[in-house]
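**Student:** Quick one: this structure, given as structure tokens, is what I'll be asking you about.
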Amino acid sequence: MVSMLRLTLAVFFGLLACQPAWAQGRDGARVYAFGNSLMHHLGDLPDSNVPHWLNALAQADGRAFALDGQWGFLRDFASGLPPTANWGFPEVQGAWNPDRGPFGGAGFDTVLINPANFIQYQPPDAPYDGDNRDRASPLSATLEVFDWVSTEAPEVRFLIYEGWAEMATQVSYPPNSRGLRRYQDFNRAAYHDWYVDYVDALRAALPDRDVRLIPVASVLAEVLSTEPLIILPAQALYVDDAPHGTPTLYFLAAMVTYAAIYDAPPPADFDVPEGIDPAVRAAYPQLRQLIWQSVSDDERQSRQVTGGDTIVADAAPQPPTGKADTDAADAPDMTEDQLVPGAIPALAMGLNGISDWSTQHPFVDVMKTARTWTGHKPGQWGGMDEAALRNGGYLDLDGWPLDIPPGIERIETVILTDQPPGATHLSGTYVLTYQGRADITLTGRADRISAQPGKITFQYTPGEGLVGISLSGIDARDPIHDMHVVRADHLPLYEAGVLFNPDWIARVQDLRAVRFMDWMFTNGSSIATWDDRPRLTDYSWTSRGVPIEVMVALANQIGVDPWFSMPHLADDGYVRSFAQQVHDTLDPRLMAYVEYSNEVWNYIFPQAHWASAQATALWGESETGWMQFYGLRAAQVMDLWSEVFAADASARLMRIMSTHTGWPGLEEAVLRGPLAAETLGQPPQDSFDAYAVSGYFGYEIGIDEGVPQVRGWLDASEGAARKAGEALGLTRVALREYILAHRFDLATAPVAGALRDGSVAEMVGQVWPYHARAAQQVGLDLIMYEGGTHVSAAGEAVNDDRLTAFFEMFNYSPQMTGLYDVLLAGWTAAGGQMFNAFVDVAPPSKWGSWGALRHLNDKNPRWDALMRYNARGAGDQSGRAPAAFSNGVLLQADSSGAILTGTPQADILLGGPGDDVLISAGGADHLHGGAGQDRAVLPGQPDDYAFEFLDTALMATGPAGPVMLAGIEVVGFDASDSEITMPDGP
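Residue numbers (the numbering used here): 12 to 997.
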């Protein structure tokens with residue numbers, strides 16, 4: 012529809028000249044309207060209503076028109092049945108007199124319903140706020156009206172009049188041109204979306220009835236935002252902030268309504284009277300066609316979406332999938348934005364830390380995000396933490412409990428803590444499997460629990476609380492171990508050895524790089540030697556961090572450059588071993604980004620204090636000693652990586668130094684610190700490839716004078732919401748709920764303006780250009796280690812609940828999108844490469860709204876802005892081909908049997924209940940045949956592979972890496988006629 016709305020005037024005139032065959036439509040209409048002042052404003056002017064203009068248009072077109080109607084709110088229409096016609100217009104023929112006959116005898120063919128324009132802050136099926144004992148909602152009230160009407164007039168059709176949104180919740184009246192654009196954007200987007208959902212729900216409930224939307228708000232928003240009507244000021248259309256309209260507005264609304272009622276364009280020869288704005292009068296020939304085309308397009312698109320038997324609701328983003336007998340090349344692209352052809356991704360992201368309360372959920376096995384063990388003393392929570400359990404010998408090397416200590420009645424871990432209800436991808440049946448013996452009790456949100464030896468199933472729905480896994484009575488001869496928790500629909504993935512949750516992979520797979528700083532527990536890390544490293548077999552990865560094998564596997568699977576943060580205590584042996592494993596196992600098309608620790612300048616973190624102590628021990632007291640030591644050790648670590656990568660270093664290694672972005676000049680101590688240079692024999696700058704800075708904005712709004720200013724804006728906005736609610740006649744509970752829903756509406760604009768003119772402008776105009784020059788002077792690339800919104804409270808303000816709620820809302824608002832657009836453009840203009848957003852998925856809290864996504868089902872403007880930036884490929888191209896960032900696919904067969912062909916990357920091929928053929932094309936693939944007689948085809952010949960049974964799958968290790976096989980009966984090879992019949996297991 013939008014593209015049609017934006018046709019040029021020349022095209023419109025061309026359409027006129029061509030005289031297309033317009034639909035003939037209806038000869039007449041007998042209408043009953045359940046409406047309000049958006050349809051009929053009882054003001055001083057007789058033509059400030061839609062029925063007046065509908066009648067005028069119908070007469071000019073030679074069509075019959077009769078109408079009766081009534082004012083009111085939707086829920087009152089339902090409770091006040093039968094209808095009470097109380098409208099009357101001097102020139103409009105009435106259709107029904109309740110005193111002279113029943114509603115069904117009036118011959119109505121159309122019923123209009125116009126819901127209020129201030130209820131769109133919650134879904135159509137949500138109960139009305141306030142006194143609502145029967146839990147009525149806009150949807151239920153409408154259905155009640157429709158049921159009554161259908162009984163009286165079975166052939167009537169139902170039209171939903173969209174009206175236009177309340178202005179007071181978006182902008183002040185009268186808005187300037189910018190405010191008017193913002194108001195129209197809301198009409199065409201969120202407000203219109205509410206009506207689309209509303210009509211879809213009505214159609215689903217009444218599949219045999221004709222229910223349509225009259226898209227007044229969305230069509231007029233587009234018409235009034237383009238030439239020639241974009242010049243109209245707000246006062247030409249609206250008379251207040253309700254907003255009631257001028258005759259011009261009601262005339263335009265009538266044109267849209269006429270097209271919907273008569274299934275025809277407004278008449279070509281209509282003589283628009285002088286009371287209508289001259290711009291509208293002059294443009295009428297174009298407007299009639301534009302509106303007709305728009306209404307037709309909207310109805311056609313609506314019918315295409317809802318025409319089937321199934322309504323598809325928003326769900327967790329799914330990875331690319333293919334239908335039966337399709338190659339991976341034909342698999343549909345499910346990314347949010349297509350990458351510009353020939354470009355490489357521009358965006359990096361830090362990955363949120365692994366924890367039971369994180370909303371990231373990166374792993375198929377939920378146990379890998381379980382909290383560290385806690386031993387509970389009788390009658391209390393806790394009493395013995397994991398460190399004490401480990402030191403006491405009560406945990407094995409992998410962290411599994413061996414026994415219950417004296418004085419402890421049980422040992423417990425928790426998962427799925429305080430997950431937002433909107434994270435619906437988490438809902439479902441989970442399967443907990445284990446080896447060994449113990450008394451296992453599931454607590455908290457685990458429901459419908461069913462247990463048998465070695466296996467427990469339970470139901471889970473997200474919400475406040477957690478799932479506890481409590482152990483008691485551990486058998487010391489066969490202690491519990493190898494516990495796994497997997498969502499039931501992910502069991503084939505788990506059995507095929509898949510590590511990563513496809514719901515999460517779908518959100519991060521198109522990035523340029525991922526920074527593992529939080530996954531490696533870098534801040535304050537205690538890892539010093541290679542033996543200290545996390546292991547694949549660790550019961551959970553929340554204790555020591557995520558193993559190197561997992562991080563490299565992620566990079567290889569999704570085709571992103573990995574960014575590793577070396578622990579500040581790591582010795583040379585650790586660094587060499589880590590670098591060697593990355594060199595040997597990371598896909599050669601990818602580049603390893605390496606950084607020493609994280610923000611060593613920042614005394615919030617232990618590594619800064621440690622660096623200061625090391626500097627003092629080496630050189631004595633110095634103002635910049637801790638940063639010179641950082642430069643020294645960072646250079647040494649980079650040199651070790653360079654030695655390991657040797658000739659591959661220039662193509663496969665990016666060595667990073669970082670500095671305090673807000674402290675110009677501090678970088679000198681890192682790059683050219685004389686004490687470090689003397690120790691090294693050369694300046695540290697010679698050991699680096701990239702100069703990394705941060706890109707945060709908004710910190711100032713949550714501290715010092717920023718907090719009182721924001722509180723003032725919130726007070727004013729809340730006062731305006733109260734005034735608007737009272738003007739609507741709301742009181743008590745209904746008024747409180749209205750204020751709660753609208754209390755921030757007028758505060759977002761001034762906060763966004765303050766940030767745009769404050770820290771965003773400073774970062775774009777001063778800070779980044781300074782660092783770009785500093786990086787250029789030493790021949791280093793300017794990159795970002797983390798950045799984005801820092802809008803959050805600090806100090807005493809962190810406990811201000813209203814401030815926290817506002818900041819959380821603002822961080823995911825359209826206004827935040829505008830700030831990101833400025834920030835991202837400024838980064839590119841400064842010569843920055845690869846904006847690095849912090850972080851991918853995290854729940855907002857009073858400590859900050861760090862996640863670009865709040866959970867995996869989330870959809871928000873900030874994420875959309877980042878994805879657009881990534882897709883444009885605005886980062887440095889570095890001469891690398893786009894294929895370097897290709898990722899594998901997930902293909903799933905249907906029930907009839909299929910041939911699934913993978914890519915050279917790491918793929919997941921899942922068979923169905925039929926007989927399937929799964930063809931690996933190279934890479935670390937995962938194949939699961941499912942039921943039936945299934946065949947896998949591997950590249951090469953049998954002698955190229957070594958086979959090994961693992962816990963749930965057979966691993967075939969060949970020239971292109973390991974291929975995991977589960978549920979496969981026969982293995983064939985593309986370069987040999989030989990086949991291997993698979994045994995049932997080890």
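Note that the Cβ used here is the ideal one computed from N, Cα and C, for glycine as well. Since the structure is predicted, the reported quantities are computational estimates derived from the model, not experimental observations.
Cα separation between Ala977 and Val718?
**Tutor:** For the purposes of this step, residue 977 is taken as residue 966 along the sequence shown, with counting starting at 1. For the purposes of this step, residue 718 is taken as residue 707 along the sequence shown, with counting starting at 1. Those two C-alpha atoms are separated by around 58 Å.
**Student:** Whole angstroms are fine: how far does the CA of Ala836 sit from the CA of Trp612?
**Tutor:** Mapped onto the sequence shown, residue 612 falls at position 601. Mapped onto the sequence shown, residue 836 falls at position 825. C-alpha separation (whole angstroms): 28 Å.
**Student:** Check whether the Cβ atoms of Ala127 and Asn198 lie closer than 8 Å to each other.
**Tutor:** Counting from one through the sequence shown, the residue named residue 127 turns up at place 116. Counting from one through the sequence shown, the residue named residue 198 turns up at place 187. No, Cβ-Cβ distance for Ala127 and Asn198 is not below 8 Å.
**Student:** For Phe527, list the residues DSSP reports as bridge partners.
**Tutor:** The sequence position of residue 527 within the sequence shown is 516, counting from 1. In the DSSP output, where bridge partners are listed per residue, Phe527 has none listed.
**Student:** Sort Met993, Ser669 and Glu654 by Cα distance to Tyr641 and report the nearest one.
**Tutor:** For the purposes of this step, residue 641 is taken as the residue at position 630 of the sequence shown. Per the Cα distances, Ser669.
**Student:** Counting C-beta neighbours from all protein chains within 10 Å, is the total for Ala96 16 or more, i.e. buried, or is it exposed?
**Tutor:** As a working mapping, residue 96 is identified with position 85 in the sequence shown. By the neighbour-count rule (16 or more Cβ atoms within 10 Å), Ala96 is buried.
**Student:** Taking the alpha carbon of Ala894 as the reference point, which residue from Pro356, Gly439 and Ala935 has its own alpha carbon closest?
**Tutor:** For this step, residue 894 is matched to residue 883 along the sequence shown. Among Pro356, Gly439 and Ala935, the Cα nearest to that of Ala894 is on Pro356.
**Student:** Kindly indicate which three-state DSSP category Gly642 falls into: helix, strand or coil?
**Tutor:** Here the question's residue 642 lines up with position 631 in the sequence shown. If DSSP states are grouped into helix, strand and coil, Gly642 belongs with the helices.
**Student:** Output the boundary residues of the alpha helix (DSSP H) element that contains Gly723.
**Tutor:** For the purposes of this step, residue 723 is taken as the residue at position 712 of the sequence shown. Gly717 to Ala738 is the span of the alpha helix (DSSP H), which, as asked, contains Gly723.
**Student:** Quick one: give me the first and last residue of the alpha helix (DSSP H) that Ile750 is part of.
**Tutor:** Taking the first residue of the sequence shown as 1, we reach residue 750 at position 739. Arg743 to His753 is the span of the alpha helix (DSSP H), which, as asked, contains Ile750.
**Student:** Can you give the Cα-Cα distance for Val809 and Trp858, rounded to whole angstroms?
**Tutor:** Translated into the one-based positions of the sequence shown, residue 809 becomes position 798. Translated into the one-based positions of the sequence shown, residue 858 becomes position 847. Distance between the alpha carbons of Val809 and Trp858 is about 7 Å.
**Student:** Quick check: what's the CA-CA separation for Trp838 versus Thr672?
**Tutor:** Sequence index remark: in the sequence shown, residue 838 carries index 827 (1-based). Sequence index remark: in the sequence shown, residue 672 carries index 661 (1-based). About 13 Å.
**Student:** Span of the alpha helix (DSSP H) holding Asp211?
**Tutor:** Start at 1 with the first residue of the sequence shown, and residue 211 comes out as number 200. That run of the alpha helix (DSSP H) goes His203 to Ala216.
**Student:** Quick check on DSSP: helix, strand or coil for Pro513?
**Tutor:** Taking the sequence shown and counting its residues from 1, one reaches residue 513 at position 502. Here Pro513 sits in helix by DSSP.
**Student:** Would you kindly work out how many angstroms separate the C-alpha atoms of Asp543 and Pro924, rounded to a whole number?
**Tutor:** By one-based count along the sequence shown, residue 543 stands at place 532. By one-based count along the sequence shown, residue 924 stands at place 913. If I take the Cα positions, the gap works out to 44 Å.
**Student:** Pick out whichever of Leu427, Pro149, Tyr261 and Thr553 has its Cα sitting closest to the Cα of Lys379.
**Tutor:** What you label residue 379 is simply residue 368 of the sequence shown in a count that begins at 1. Considering only alpha carbons, the answer is Thr553.
**Student:** Check the C-beta distance from Asp120 over to Arg168 and give it rounded, since I have them as a contact under 8 Å.
**Tutor:** In the sequence shown, counting from the first residue as 1, residue 120 sits at position 109. In the sequence shown, counting from the first residue as 1, residue 168 sits at position 157. Yes, they are in contact, since the Cβ atoms of Asp120 and Arg168 sit about 7 Å apart, within 8 Å.
**Student:** Does DSSP classify Asn60 as helix, strand or coil?
**Tutor:** Counting from one through the sequence shown, the residue named residue 60 turns up at place 49. In this structure, Asn60 counts as strand in the three-state DSSP scheme.
**Student:** Tell me the rounded alpha-carbon separation between Ala964 and Glu560.
**Tutor:** What you label residue 964 is simply residue 953 of the sequence shown in a count that begins at 1. What you label residue 560 is simply residue 549 of the sequence shown in a count that begins at 1. Taking the straight line joining both Cα atoms gives about 18 Å.
**Student:** With H, G and I counted as helix, E and B as strand and the rest as coil, what does DSSP make of Ala335?
**Tutor:** The residue labelled residue 335 in the question sits at position 324 within the sequence shown. Interpretation of Ala335 is limited by its pLDDT of 33, a score under 50 that renders its predicted location unreliable; the figure taken from the coordinates is listed afterwards. Of the three classes helix, strand and coil, the one that applies to Ala335 here is coil, per DSSP.
**Student:** Can you tell me whether Asp988 is buried or exposed? The criterion is at least 16 other CB atoms within 10 Å of its CB, across all chains shown.
**Tutor:** Here residue 988 refers to the residue found at position 977 when the sequence shown is read from its first residue. Exposed.
**Student:** Tell me which residues share the same chain as Ala680 and place their Cβ nearer than 7 Å to its Cβ, disregarding the 5 neighbours each side in the sequence.
**Tutor:** Walking along the sequence shown from the start, residue 680 turns up at place 669. Around Ala680: Thr635, Met638, Gln639 and Gly642.
**Student:** Have a look at Arg214, Gly798, Phe84 and Glu397 and flag the residue whose alpha-carbon is nearest the alpha-carbon of Phe846.
**Tutor:** Numbered from 1 along the sequence shown, position 835 holds the residue referred to as residue 846. Minimum Cα distance to Phe846 is reached at Gly798.
**Student:** DSSP beta-bridge partners for Pro278?
**Tutor:** Reading the sequence shown from its first residue, position 267 is the one you call residue 278. DSSP, once it has assigned bridges, lists no residue as partnering Pro278.
**Student:** For His52, which three-state DSSP category applies?
**Tutor:** Position 41 of the sequence shown, counting from 1, holds the residue named residue 52. Looking at His52 - three-state DSSP - the assignment turns out to be coil, as it is neither helix nor strand.
**Student:** Taking only runs of the alpha helix (DSSP H) that begin and end inside the region 525–589, which ones reach a length of at least 4 residues, in chain order?
**Tutor:** List check, alpha helix (DSSP H) in window: 559–569.
**Student:** Fully enclosed by the region 846–870, which beta strand (DSSP E) runs are 3 residues long or longer?
**Tutor:** Complete beta strand (DSSP E) runs here, min 3: 846–849.
**Student:** Exposed or buried, which one is Ile979 when buried takes at least 16 other CB atoms within 10 Å?
**Tutor:** For the purposes of this step, residue 979 is taken as the residue at position 968 of the sequence shown. The residue in question, Ile979, is buried, as its Cβ has 16 or more Cβ neighbours within 10 Å.
**Student:** Return the residue from the list Asp583, Thr914 and Leu301 that minimises the CA-CA distance to Ala539.
**Tutor:** For the purposes of this step, residue 539 is identified with residue 528 of the sequence shown, where counting begins at 1. Cα-wise, what sits closest to Ala539 is Asp583.
**Student:** Rounded to whole angstroms, what is the Cα-Cα separation between Ala293 and Leu217?
**Tutor:** If you number the sequence shown from 1, residue 293 lands on position 282. If you number the sequence shown from 1, residue 217 lands on position 206. About 42 Å.
**Student:** Can the beta-carbon of Gly740 be found less than 8 Å from the beta-carbon of Ile750?
**Tutor:** The count along the sequence shown starts at 1 and reaches residue 740 at position 729. The count along the sequence shown starts at 1 and reaches residue 750 at position 739. No, the Cβ-Cβ distance between Gly740 and Ile750 is not below 8 Å.
**Student:** Output yes or no for whether 8 Å exceeds the beta carbon distance between Glu711 and Gly769.
**Tutor:** Translated into positions along the sequence shown, residue 711 becomes position 700. Translated into positions along the sequence shown, residue 769 becomes position 758. Cβ atoms of Glu711 and Gly769: closer than 8 Å.
**Student:** Taking C-alpha atoms, which residue in Ala853, Gly941 and Val42 lies nearest to Val122?
**Tutor:** The residue given as residue 122 occupies position 111 in the sequence shown. Here the closest residue by C-alpha is Val42.
**Student:** Kindly indicate which residue of Thr428, Phe84 and Asn66 has the alpha-carbon position closest to the one of Ala270.
**Tutor:** The sequence position of residue 270 within the sequence shown is 259, counting from 1. Measuring from the Cα of Ala270, the nearest candidate turns out to be Asn66.
**Student:** If I follow the unbroken alpha helix (DSSP H) through Phe818, where does it start and stop?
**Tutor:** Translated into positions along the sequence shown, residue 818 becomes position 807. Element bounds for Phe818: Asp812 to Phe821.
**Student:** Taking 8 Å as the threshold, find out whether the region 584–595 comes into contact with the region 393–402 through three or more Cβ pairs.
**Tutor:** Cβ pair count under 8 Å is below three, so no.
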